[in-house]
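Undergrad:
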Amino acid sequence: MTDFARRHPIWTAIIVIVAAVLIWMIFAVWPKWLVELIGRKKVFLNALFNGITLGGLYFLVASGFTLIFGLMRNVNLAHGSLYLLGGYIGYEVAEATGYWLLAFPAAFIVVGALGILLQLFVFRKMEGEDLRQTLVTIGISIVVADLMLWGWGGDFYNINAPSWLSGPMETILVTAQKRSGDLVYLKYPMVRIVIFLAAVAIGIGMWLLLNRTRVGMLIRAGVDDRDMLSAIGARIQLVFLGVFAFGAGLAGVAGVVGGTFQSVAPGEDTRFLLASLVVVIVGGMGSIPGAALGALLIGLAEQFGSVYMPTYAVVLTFLIMVGVLAFRPQGLMGR
Amino acid sequence: MAVVDPTETRVATPGESRSWLESIPAAYWIVGVILLITPAIASDFILFQIFGWGFILGLIALGLMFLGGYGGMVSLAQMSIAGMGGYMVAIFGPSAIETISLGWPWYVAIPIALIIAMIFGTLIGWLSVRTEGIYTIMITLAISAAFFYFTRQNYVIFNGFSGFNGVLPPQLFGVDWRASTPFYYLTLFWAAAGYFTVLYISRAPFGLALQGVRDNPRRMSALGFNVTAHRVAAYTFAALLAGIGGILLTWQSAQISPGTAGISAAIDVLVIAVIGGLRHPIGPFIGAFIYAILEIFAKDALVAVGLSGDRFQLLIGLGFLIIVFWSPDGILGLWDKLRASRNRDPLTDRGGDAP
């Protein structure tokens, strides 16, 4: 941190100023001129919260993608299909058993198992052939998308959160001041906050796993030089299998989350595939903190874009990607 | 048709002392004559929908084949560039949306459309050559998605969700170029022009340098070649092919909308190029015909087998998977394998296509 500040004093100053302005905008009661300038504070806070929680969802999808890419150098363009499949499975399980929480392990296990099959029968057969792997995963995503359309039809499914999570939660943030002097507090859907906290917990867990355990050490060594790792006797194929299963399972879990946030429907697979592509391009391939930063940026850009410049929200995300590519092709956190 | 085309893959090396007319391989004569007399045999529907569409798709995929096969860069943005060409012709030329279309004559609108498509393609190329291999696929996929969403949201220039309809080709020489036979010859001409240009460029200094860049960029830059410039120029040329294809595609359906250049369309172009084969410019056309025939007849075939006609994507996806799994070089690769095994000497287990 101090190292960064010493090397890039101007950037640090800009970041500090932006953060200070943001904190002031979040906590202060907005004066009149600001409300006239950009609208009510409630809209702003909602966009901020939606962006952050959407970023959490994007992080869940993209972290599996970037982990798989970082270790095995294969681009799994069927990742969006895994996400959507997780959503459908979560929906079925939640409907059948009535327990929302059961949907998560079910989606994780089923989609993770599918990931193991993919790694065993597809990726291991064509190790090192990037282009072929990419093409095969495109083929798989076409087939899986059509199979899911066959099985579940084109309807929208919503995974209902249990009653103890539904409904709004009062936060400590002030949105406005009534004429009588009372403060109005922001209400925000509880389930989104809980899920976001869970995403943060998963992210921290992944970071700890990667940086503080033996398995994580193996994975990091594999990212740096997998030939050398296998030469010193580590069972690299097993590590690959585990990472792929975990990454795929995370995509499945993200599907359940997405089904609770929004809905499960055909076409969501490409949407989330694209989102995770943009996230990892912005954040840097193969970097978990990069995925977190990228997911947050893209989620915020999408939500603020759709509030303050509705027509071109998607283009804003794209502009971020172009900007990163033009000035830092390896991504913000890439090496 | 697709059965005849592969014969063209036997492109003999040009004769040393013969005249250029004699050095054209016999397969070219056969295919050329068959293609020229097809309108006398085939029905209007087949001419317009299968041949016309196949030539157009082949032309767009040809650009991808050029980039992928000779440049080693697989770009998924070809369809967006084609869409850009189509949109520009609808905007500068006449269309039913008179509030936006400028209605300029074709000799102004078409060059402008092609130039804008090429500029667009060059920009995409300039962005994506900063990355390599699989990154290129991802970035071009993201670009084509952005183009799709942008055209869908923008009503001022691109007329949003509904796009443009009534985009018709000019009545040049008093011919209705959208009638099936003239349209067939029009698309045939541009497909052939694209095919031979790519074939020519692949043997010209630029094409050879590009293939060198594909095989070993570091060595090429050590030899003094500007690697980035070659790659970007390849994108520009592929954009020209896509632009022509996009304009023809717009004329064929008389409309253009965001869906024309959607994500699935972008992937379809990749599927076409890969199914046909990325090693020779005839590949995309073979792939395009297979795709066009499947797209039009698969529904009936699926219903006949007892499945719902909606499973067309499944069929295409499975076919694509099978081809990528067993023959990374597409149908052309299968053809070469077959020939190699036919020519193999059963006693020594040697031979094949090695001279």
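Sequence lines, in order, name chains A and B. Positions 1 to 335 (this note's numbering) are the ones given, in order, by the first sequence. Positions 1001 to 1355 (this note's numbering) are the ones given, in order, by the second sequence. Heads up, the beta-carbon is just placed ideally off N, CA and C, and yes, glycines get one too. Predicted, not measured: the structure shown is a model, and the values here were computed from it.
(1) Report the three-state DSSP secondary structure of I1413 of chain B (helix, strand or coil).
(2) Using a Cβ cut-off of 9 Å, which residues of the stretch 133-154 of chain A contact any Cβ in chain B, in chain order?
(3) List the whole-angstrom C-beta distance separating A1288 of chain B from L1141 of chain B, where the pair is believed to meet the contact cut-off of C-beta under 8 Å.
(4) For F1237 of chain B, count the other beta carbons within 10 Å of its own beta carbon; 16 or more makes it buried, fewer makes it exposed. Which is it?
(5) Assuming V243 of chain A contacts I68 of chain A (C-beta within less than 8 Å), just tell me the rounded distance between them.
(6) Going by alpha carbons, who is nearest to G323 of chain A out of B:I1139, B:G1072, B:F1055?
(7) Is I14 of chain A near the ligand PLP, going by C-beta to nearest heavy atom under 7 Å?
(8) Which residues does DSSP list as the beta-bridge partners of F1164 of chain B?
(9) Does the beta carbon of T1151 of chain B come closer than 8 Å to any beta carbon on chain A?
(10) Between the stretch 1232-1260 of chain B and chain A, which residues of the former have CB atoms less than 9 Å from a CB of the latter, in chain order?
(11) If you reduce the DSSP assignment to three classes, tell me which class Y1155 of chain B lands in.
(12) Given this structure, state the Cα-to-Cα distance separating G191 of chain A from P168 of chain A, to the nearest angstrom.
(13) Can you find the residues in the same chain that come closer than 7 Å, C-beta to C-beta, to F1120 of chain B, ignoring five residues on each side of it along the sequence?
(14) Does R1311 of chain B pass the burial test, meaning 16 or more other C-beta atoms within 10 Å, or should it be called exposed?
(15) By the three-class DSSP mapping on this structure, what secondary structure does Y1087 of chain B have?
(16) If I measure Cβ to Cβ from S1162 of chain B and keep anything under 8 Å in the same chain, skipping five residues before and after, which residues do I get?
(17) Going residue by residue through the stretch 1206-1287 of chain B, where are the continuous beta strand (DSSP E) segments of at least 3 residues, counting only ones entirely within it?
(18) Distance, Cα to Cα, V337 of chain A vs A47 of chain A?
(19) At least one CB of chain B closer than 8 Å to the CB of I347 of chain A: is that the case?
(20) Based on DSSP bridge pairs, tell me the residues matched to Y157 of chain A.
(21) Can you check whether the CB of Q1313 of chain B is closer than 8 Å to the CB of I140 of chain A?
(22) Quick check on I15 of chain A: buried or exposed, where buried means 16 or more other Cβ atoms within 10 Å of its Cβ?
(23) Is G283 of chain A near G294 of chain A, with beta carbons less than 8 Å apart?
(24) Please return the same chain residues whose Cβ sits closer than 6 Å to the Cβ of L218 of chain A, not counting the five positions on each side in sequence.
(25) Per the contact definition of three or more C-beta pairs closer than 8 Å, is the stretch 256-270 of chain A in contact with the stretch 143-161 of chain A?
(26) Secondary structure at M169 of chain A, three-state DSSP: helix, strand or coil?
(27) Measure from the alpha carbon of P1170 of chain B to the alpha carbon of each residue in B:Q1252, B:I1263, B:F1225, then state which is nearest.
(28) If you reduce the DSSP assignment to three classes, tell me which class L48 of chain A lands in.
(29) Mind checking V1003 of chain B: buried by the 16 CB within 10 Å criterion, or exposed?
(30) Please name the residue in B:I1282, B:L1318, B:I1322, B:K1299 whose C-alpha comes closest to that of V1031 of chain B.
(31) I want to verify the contact list: residues of chain A whose CB lies under 8 Å from the CB of T1122 of chain B, in sequence order.
(32) List the residues of chain B whose Cβ lies closer than 7 Å to the Cβ of Y312 of chain A, in chain order.
(33) Pick helix, strand or coil for P189 of chain A, following the three-state DSSP scheme.
(34) Any Cβ of chain B within less than 8 Å of the Cβ of I320 of chain A?
(35) Assuming contact is defined by CB atoms lying nearer than 8 Å, are W1190 of chain B and I1244 of chain B in contact in what I supplied?
(36) If we count the other Cβ atoms within 10 Å of its Cβ and call it buried at 16 or more, is M72 of chain A buried or exposed?
TA: Taking the definition as stated:
(1) Limits of chain B in this structure are 1001 at one end and 1355 at the other, which puts residue 1413 of chain B out of reach.
(2) Legend: CB atoms of the stretch 133-154 of chain A lying less than 9 Å from CB atoms of chain B belong to residues Q133, T134, L135, V136, I138, G139, I140, S141, I142, V143, V144, A145, D146, L147, L149, W150.
(3) About 21 Å separates the two Cβ atoms, so there is no contact after all.
(4) The residue is buried, with at least 16 neighbouring Cβ atoms inside 10 Å.
(5) Their Cβ separation, rounded to whole angstroms, is 6 Å, which keeps V243 of chain A and I68 of chain A in contact under 8 Å.
(6) Ranked by how close their Cα comes to the Cα of G323 of chain A, the residues B:I1139, B:G1072, B:F1055 have B:I1139 in first place.
(7) This structure does not include the ligand PLP; it has no bound ligands of any sort.
(8) Listed as beta-bridge partners of F1164 of chain B by DSSP are B:I1256.
(9) So no, T1151 of chain B is outside the interface.
(10) Here the close residues number zero.
(11) Here Y1155 of chain B sits in coil by DSSP.
(12) Strictly speaking, residue 191 of chain A in this sequence is Val, with Gly absent from that position. Approximately 8 Å, taken between the alpha carbons.
(13) Contacts found: I1081, M1084, A1239.
(14) Buried, because 16 or more other Cβ atoms sit within 10 Å of the Cβ of R1311 of chain B.
(15) Looking at Y1087 of chain B - three-state DSSP - the assignment turns out to be helix.
(16) A distance below 8 Å between beta-carbons, with the five flanking residues on each side excluded, links S1162 of chain B to the following residues of its chain, in chain order: S1257.
(17) As far as the stretch 1206-1287 of chain B is concerned, it has no whole beta strand (DSSP E) run of at least 3 residues.
(18) In the structure as shown, chain A starts at 1 and stops at 335, and residue 337 of chain A therefore has no counterpart that could be examined.
(19) Here chain A comprises residues numbered 1 to 335, so residue 347 of chain A is not present and cannot be evaluated.
(20) When beta bridges are read from the DSSP output, Y157 of chain A appears opposite A:V264.
(21) It is not a contact, given that the beta carbons lie outside the stated cut-off.
(22) So I15 of chain A ends up on the exposed side.
(23) Yes, the Cβ-Cβ distance between G283 of chain A and G294 of chain A is below 8 Å.
(24) Its chain contains A234, V239 as the residues whose beta carbon lies nearer than 6 Å to that of L218 of chain A, once the 5 sequence neighbours on both sides are disregarded; these appear in chain order.
(25) Three or more beta-carbon pairs separated by less than 8 Å link the stretch 143-161 of chain A to the stretch 256-270 of chain A, which places the two stretches in contact.
(26) Residue state for M169 of chain A is assigned as strand, using DSSP reduced to three classes.
(27) It is B:Q1252.
(28) Per DSSP, reduced to three states, the secondary structure at L48 of chain A is helical.
(29) With a pLDDT of 42 at V1003 of chain B, under the threshold of 50, the predicted position of this residue should be treated as unreliable, and no value is reported.
(30) That would be B:I1282, whose Cα lies nearest to the Cα of V1031 of chain B.
(31) Contact note: T1122 of chain B does not reach chain A at a C-beta cutoff of 8 Å; the least C-beta distance is about 15 Å.
(32) Correct list: Q1153.
(33) In the structure shown, P189 of chain A sits in a strand (DSSP, three-state: E or B).
(34) Answer no: the Cβ-Cβ gap between I320 of chain A and chain B never drops below 8 Å.
(35) Cβ distance < 8 Å, so W1190 of chain B and I1244 of chain B count as in contact.
(36) Result: buried.
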